[in-house]
Amino acid sequence: MTQPAIVMPMNDPDGTMFAHLEKLTPLLKTIFVKALVGIPATTYHRQPDYMAWLEAEPFFDVFRLDTDPPVGEYFAALYRYAAQKSVPDLLLHLCFIDRLAFALETDYREQMTEDIRSLTVDDVPLVFARTEKAWETHPSNYREIEDMITRTGEMVFGKTLDYAWCHLVATAEQLDAAMGSIDNPSMSMLAEIVLGLRDTMQCKAVDWLAWEDPFILSVDAEELKAQRESSQQETLKRLSYALPMMELIYKAAKA
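Pasting the structure below:
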């Protein structure tokens, strides 16, 4: 079976996540055939050493942006590039370096690796979602807001999907088709991808999507969780993408 590829945005001007990527690269090479990474302008210019390393390493296919576009435009440009640069039936794992680092640098490594390696073309498109155990590690406001998105989709489509996903898998052909109608410049474009593939989209809940922030920030998990739960700013941040996602679901149901 052909190894899949990984597709990741790398907006990391301070180099924090590049350190994780460098550490994980030997392992990633045993799981994936290649890594397609999207580098916006500021990151490219502030991290010349990491850029030289990436561009010299054949495992990486670097997609360099000349600007720092809004997050939705950034993701969309990278995903279109990945779909068009890959053979149609190649499995593409769309994910994020902080989630990847957390899972592969902790006791979740074996579980995540097995889940990735077990997938075939017949299993996708697929969203890896959070189990009850994984959600319990997150701040309650995160969970409650994202649950509103999921419940909205359930009510109108009769199907449980994670629209604010952290890890989505599709063939290059499926992703290319889904990207044709993407035009949202914000993070809510993640929901547009799911909506475009919803008729065949599958969902698998996994423990390794537990909350990654305490690990990445090297802080106490319970203290950070309490801070985030009491933060109006954190709640508003999540509503800023949740409400547009619910509107997208509404429009898709009416179409």
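All residue numbers for the sequence shown refer to the working numbering, where the first residue is 18 and numbers rise by one. Backbone N, C-alpha and C fix where the C-beta goes; we use that ideal spot for every residue, glycine too.
Does DSSP put V138 in a helix, in a strand, or in coil?
Within the sequence shown, numbered from 1, the residue matching residue 138 stands at position 121. Looking at V138 - three-state DSSP - the assignment turns out to be helix.
Are the region 135 to 148 and the region 105 to 117 in contact at 8 Å, needing three or more beta carbon pairs?
yes
Just reading off the beta strand (DSSP E) that V79 is part of, what are its end residues?
If you number the sequence shown from 1, residue 79 lands on position 62. Looking at the DSSP string, the run of the beta strand (DSSP E) that includes V79 is F77 to R81.
Take the Cβ of H62 as the centre, count every other Cβ of all protein chains shown within 10 Å, and call the residue buried at 16 or more, exposed below.
The residue labelled residue 62 in the question sits at position 45 within the sequence shown. The residue is exposed, with fewer than 16 neighbouring Cβ atoms inside 10 Å.
Where the alpha helix (DSSP H) containing H37 begins and where it ends
Counting from 1 along the sequence shown, the entry for residue 37 is found at position 20. Looking at the DSSP string, the run of the alpha helix (DSSP H) that includes H37 is T33 to I48.
On the three-pair Cβ rule with 8 Å, is the region 211 to 226 touching the region 189 to 197?
Cβ pair count under 8 Å is three or more, so yes.
When we look at the beta-carbon of E209 and count the other beta-carbons within 10 Å, is it buried (16 or more) or exposed?
Position 192 of the sequence shown, counting from 1, holds the residue named residue 209. It is buried - the Cβ of E209 has at least 16 other Cβ atoms within 10 Å.
Mark D132 as exposed unless 16 or more other C-beta atoms lie within 10 angstroms of its C-beta, in which case mark it buried.
The count along the sequence shown starts at 1 and reaches residue 132 at position 115. Its Cβ being crowded by 16 or more others within 10 Å, D132 is buried.
Using a Cβ-Cβ cut-off of 6 Å (strictly less than) and excluding sequence neighbours within five positions of T167, which residues of its own chain qualify?
For this step, residue 167 is matched to residue 150 along the sequence shown. Counting only Cβ-Cβ distances below 6 Å, and skipping sequence neighbours, we find nothing.
Reducing DSSP to helix, strand and coil, say where H62 ends up.
Taking the sequence shown and counting its residues from 1, the one referred to as residue 62 is at position 45. Note: H62 maps to helix in three-state DSSP.
Going by the CB atoms, is the gap between P26 and F119 shorter than 8 Å?
Against the sequence shown, residue 119 aligns to sequence position 102. Against the sequence shown, residue 26 aligns to sequence position 9. The criterion of a C-beta distance shorter than 8 Å is not satisfied by F119 and P26.
Rounded straight-line distance, which links the Cα of A52 to that of A151
For the purposes of this step, residue 151 is identified with residue 134 of the sequence shown, where counting begins at 1. For the purposes of this step, residue 52 is identified with residue 35 of the sequence shown, where counting begins at 1. Taking the straight line joining both Cα atoms gives about 26 Å.
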